[in-house]
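Whatever position you read off the sequence shown (first residue = 1), add 2 for the working numbering.
Don't be surprised by glycine CBs; every beta carbon is placed ideally from N, CA and C.
Computed from a predicted model, the values in this text were never measured in an experiment.
Working notes, beginning with the structure itself.
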Amino acid sequence: MPTVRSGPVIGLSAQLVVLAALAATVGLGPAGWLAGAGYAALTCLALSRGLHLAGASRLGPADRVTLARAVLVGAVTALVVDSFGRPTPVGLLVALTAVALLLDAVDGRVARRTGTASALGARFDMEVDAFLILVLSVYVAPAAGSWVLAIGAMRYVFVAASAVLPWLSGSLPPRYWRKVVAAAQGVLLAVAAARVLPEPWTTVILVAALALLVESFGRDVAWLWHRRPAAPPVTSPIAATPTVAAPTVTAPTVAAPAPAAPVALPLLPLGGHAPLVVPPLLPVPGPVPALAARSGGTVHSDWRSR
């Protein structure tokens with residue numbers, strides 16, 4: 003098998019060994035076996051795909067620590083699912099959770115010291131943390147109330163909302179407080195799962211855990227909202243229609259008629275005098291000569307007639 007697959011397969015094999023040990027010691031029902039084995043198989047497939055996409059040949063030192071944490075989370079998952087059908091050893095469940103939380107502080111330090119920090123390792127670590135918080139909230143919810151499920155579901159609701167609101171998928175700047183809140187969720191839920199405090203105090207720490215989570219997620223959502231990409235301007239259909247200039251109608255230029263020449267009007271002869279020459283009363287348009295020819299040289303006073 004290629005080296006790129008060896009790390010995830012080793013994790014899958016280790017998970018099955020741990021589940022067998024639980025079954026042999028404290029007992030593990032079919033539901034617990036199915037939940038633990040299903041978790042291990044999904045982790046193996048997801049991690050193998052992540053290594054392939056990252057082009058990594060093997061898991062780094064910090065990734066191996068995270069893989070050990072993932073195996074412990076798988077054991078916690080099996081015990082939690084098994085608790086719905088049979089009594090669960092609370093001490094063992096809390097002990098496995100405590101070791102997983104302690105290793106959460108180790109893998110990051112190993113990555114920094116060995117210079118092997120990577121995007122895949124950070125994502126792997128985050129997914130293991132998120133699933134542990136979800137499983138613990140499911141375990142605590144029957145005793146404390148279903149509202150506790152909001153603690154475990156909040157991160158997955160955020161991811162689902164990112165599919166509808168793409169601006170939620172933006173990159174967030176590193177913030178140490180975010181890591182503190184994530185670690186606090188695991189610790190407070192582990193304390194609630196241990197049932198070592200009176201019920202009112204257990205409710206108080208769970209409310210504090212939810213309040214911290216809401217504040218952290220709210221701050222990240224506000225940061226992404228203020229830096230979301232600007233929406234493209236909406237163009238009105240009327241404004242988008244090109245304006246067509248109205249054609250300019252130029253009136254035809256009519257040349258002014260030339261001054262009509264004096265027309266000789268034949269009047270009755272008065273005592274043998276010559277005909278009187280008078281100018282026309284109105285300007286005569288172009289067709290006048292033809293009219294004059296047809297009328298024997300006499301222009302009628304109604305110039306509109308033809």
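Reference residue i; option with closest CA among the options
i	options	result
R88	I153, P144, R177 and L30	L30
A48	V20, T27 and G13	G13
A195	P32, Q187 and L138	L138
D65	R111, L226 and V142	R111
L190	L212, V75, V67 and G123	L212
F86	L24, V209 and A37	A37
R177	W149, V209, G147 and W225	W225
L151	L21, L98 and V209	V209
S218	T205, L167, F160 and A232	F160
L95	L24, A143 and A107	L24
A56	S120, Y158, T116 and A107	S120
V20	L98, I153 and W227	L98
Assumed close pair residue i, residue j - CB separation to whole angstroms, cut-off 8 Å
i	j	result
W35	A72	Between A72 and W35 the Cβ distance is about 18 Å, and since that is not below 8 Å, they are no contact.
V82	V140	6 Å
W169	R221	Between R221 and W169 the Cβ distance is about 15 Å, and since that is not below 8 Å, they are no contact.
V193	I207	6 Å
C46	V78	Going by Cβ atoms, the distance from C46 to V78 rounds to 18 Å, so no, they are not a contact pair.
A26	D106	So it is not a contact: roughly 28 Å between Cβ atoms.
Continuous alpha helix (DSSP H) stretch holding residue i: start and end
i	result
A145	A121 to A146
T116	V92 to T116
G87	From DSSP, G87 is part of no alpha helix (DSSP H); its letter is neither H nor E.
L212	E201 to H228
L44	P32 to A56
Proximal residues to residue i (C-beta, below 8 Å), its chain only, five neighbours per side dropped
i	result
G9	L49, L53, R60, L61, D65, R66 and L69
V216	M156
V75	Y41, A102, V130, F133, L134 and V137
S15	none
D109	A64, D65, V67, T68, R71, G123 and D127
beta-carbon residue i near the ligand HEM non-hydrogen atom, thresh 7 Å
i	result
S148	The ligand HEM is not part of this structure, which contains no ligands at all.
Neighbourhood of residue i by C-beta, 6 Å cutoff - its chain only, sequence neighbours within 5 removed
i	result
Q187	I135 and A211
L174	D222
Own chain partners of residue i with C-beta closer than 7 Å, once the 5 adjacent residues on each side are dropped
i	result
S171	S164
A292	Note that A292 scores a pLDDT of 42, beneath 50, so its modelled location is shaky; the value from the coordinates is reported in the next line. None.
D84	L30, G31, A33, G34 and T90
Q17	G38, A42, V73 and G76
A276	In this prediction, A276 scores a pLDDT of 45, lower than 50, which makes its location untrustworthy; no coordinate-derived value is stated.
A146	A194, T204, T205 and L208
V183	L214, L215 and S218
T118	G62, P63 and A64
| Contiguous alpha helix (DSSP H) assignments of at least 4 residues, all confined to the segment 140–191 | 151–166
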